[in-house]
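To keep things clear, I will list the structure first and then write my remarks on it.
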């Protein structure tokens, strides 16, 4: 499933996609761990790329002393030490950076316990709905003593999403199959977005109707027979890499040709989107929502 078939960039994308799916299934727990620091933290380690982006946006980037293996944005993170990720956090390296706050996933209970024993405060993050992103931003702002900065960023995100929602509201909503993973060059192991989570919410913002909205899960594996029965008007497939060659795009789009009875295939509405930000429930959800809207409503949004 995580084959590195075409390039180093595509390899990293497959790994990132796998980590994303694991996080969808595994992430649980409260955002704020019981340990509270006495003053705003000054040495922050973040194991969550989307929260790392938030830190830099609310002017707390100078306080970040370590990031995860999957942090690539903003460019400032390239100079920072790497401390592992969801499945392989390096506790010794984390502690060596002398953090006074560590950002963890909600599913990293063992790590949180070990940090608690070392008297290191934790901010535990769990992504869910689209609204959780701005809630987290505001919570993070309060925790870091950056309330006004966080409020400004959260407000901009909410206004931008409302603007996209308003612009596409005048057209009919196409029925969309949101594909978040499958085996390259085949229609095996097709992982799609269900009717819960930030990707589902972004699809709604962008003026689409999720054909699996009735399945209240963030993701599910489906067969080609099930896709035929759901008859999507648009197939929107996400790839968490930089844009590859036109040959790659055409090859992967052509993979769907065997389902010629599906309206999306019949009418040439199989769309591939590329970018690492597509998988991250962070501040760049506005970019993702706009990309979805351009595909679903090109006459309104432009290409």
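Residue numbers (our numbering): 25 to 327.
Beta carbons are placed, not taken as given, at the ideal position from N, Cα and C, and that holds for glycine.
Continuous beta strand (DSSP E) stretch holding residue i: start and end
{"i": "residue 199", "result": "199 to 205"}
{"i": "residue 68", "result": "68 to 70"}
{"i": "residue 128", "result": "125 to 129"}
Endpoints, alpha helix (DSSP H) assigned at residue i
{"i": "residue 80", "result": "73 to 81"}
{"i": "residue 116", "result": "115 to 120"}
{"i": "residue 208", "result": "First-last for residue 208: undefined, no H or E at that position."}
{"i": "residue 134", "result": "133 to 141"}
{"i": "residue 279", "result": "Residue 279 -> no alpha helix (DSSP H), and no H or E assigned at all."}
{"i": "residue 191", "result": "171 to 192"}
{"i": "residue 167", "result": "155 to 168"}
{"i": "residue 308", "result": "Note, residue 308: premise wrong, no alpha helix (DSSP H); not H, not E."}
{"i": "residue 286", "result": "Where residue 286 is concerned, there is no enclosing alpha helix (DSSP H), given that its DSSP letter is neither H nor E."}
{"i": "residue 323", "result": "322 to 325"}
{"i": "residue 228", "result": "222 to 229"}
Per-residue burial, residue i [other beta carbons within 10 Å of its own, 16 or more giving buried]
{"i": "residue 194", "result": "exposed"}
{"i": "residue 332", "result": "Residue 332 lies beyond the residue range present for the chain, which begins at 25 and ends at 327; the question has no answer from this structure."}
{"i": "residue 212", "result": "exposed"}
{"i": "residue 202", "result": "buried"}
{"i": "residue 232", "result": "buried"}
{"i": "residue 306", "result": "buried"}
{"i": "residue 8", "result": "Outside the displayed range of the chain (25 to 327) lies residue 8, so it cannot be described from this structure."}
{"i": "residue 225", "result": "buried"}
{"i": "residue 5", "result": "The first residue shown for the chain is 25 and the last is 327, placing residue 5 beyond what the model contains."}
{"i": "residue 120", "result": "exposed"}
{"i": "residue 308", "result": "buried"}
{"i": "residue 205", "result": "buried"}
{"i": "residue 257", "result": "buried"}
{"i": "residue 317", "result": "buried"}
{"i": "residue 167", "result": "buried"}
{"i": "residue 322", "result": "exposed"}
{"i": "residue 281", "result": "exposed"}
{"i": "residue 142", "result": "exposed"}
{"i": "residue 70", "result": "buried"}
Beta-bridge partners of residue i, as assigned by DSSP
{"i": "residue 299", "result": "Per DSSP, none; premise fails for residue 299."}
{"i": "residue 262", "result": "297"}
{"i": "residue 245", "result": "215"}
{"i": "residue 91", "result": "70 and 106"}
{"i": "residue 250", "result": "None; residue 250 has no bridge partner."}
{"i": "residue 233", "result": "199"}
8 Å Cβ shell around residue i - same chain, five flanking residues per side excluded
{"i": "residue 252", "result": "283, 285 and 286"}
{"i": "residue 124", "result": "61, 65, 66, 67, 68, 144 and 145"}
{"i": "residue 104", "result": "88, 89, 90, 91 and 95"}
{"i": "residue 279", "result": "209, 210 and 211"}
{"i": "residue 72", "result": "92, 127, 128, 129 and 149"}
{"i": "residue 222", "result": "151, 152, 153, 154, 156, 157, 305 and 309"}
is_contact[residue i, chain B] using C-beta, thresh 8 Å
{"i": "residue 116", "result": "No chain B appears in this structure, which consists of one protein chain only."}
Close-in-space but distant-in-sequence residues of the same chain around residue i (CB under 6 Å, 5 per side omitted)
{"i": "residue 171", "result": "165"}
{"i": "residue 75", "result": "127 and 149"}
{"i": "residue 169", "result": "64"}
{"i": "residue 189", "result": "229"}
{"i": "residue 254", "result": "235"}
{"i": "residue 299", "result": "none"}
{"i": "residue 325", "result": "317 and 318"}
Heavy atom of the ligand GDP within 7 Å of residue i beta-carbon
{"i": "residue 199", "result": "With respect to the ligand GDP, the structure shown offers nothing to examine, as it has no ligands at all."}
Same chain only: Cβ atoms within 7 Å of residue i, ignoring 5 sequence neighbours per side
{"i": "residue 173", "result": "82, 83 and 165"}
{"i": "residue 100", "result": "80 and 85"}
{"i": "residue 241", "result": "218 and 220"}
{"i": "residue 162", "result": "174, 175 and 178"}
{"i": "residue 271", "result": "none"}
Given 8 Å, three or more beta-carbon pairs between the segment 96 to 103 and the segment 150 to 160: no
Would the segment 265 to 281 count as touching the segment 119 to 135 if we require 3 or more Cβ pairs under 8 Å? no
Count the CB pairs spanning the segment 105 to 115 and the segment 76 to 86 that are closer than 8 Å, and state whether there are at least three. no
So does the segment 311 to 326 actually touch the segment 279 to 290, counting three or more Cβ pairs closer than 8 Å? no
Kindly confirm or deny that the segment 227 to 241 and the segment 292 to 299 touch, where touching means at least three C-beta pairs closer than 8 Å. no
Stretch-stretch touch, CB-based, cutoff 8 Å, three pairs: the segment 176 to 193 with the segment 208 to 224: no
Any chance the segment 257 to 265 sits against the segment 239 to 247, with 3 or more Cβ pairs inside 8 Å? no
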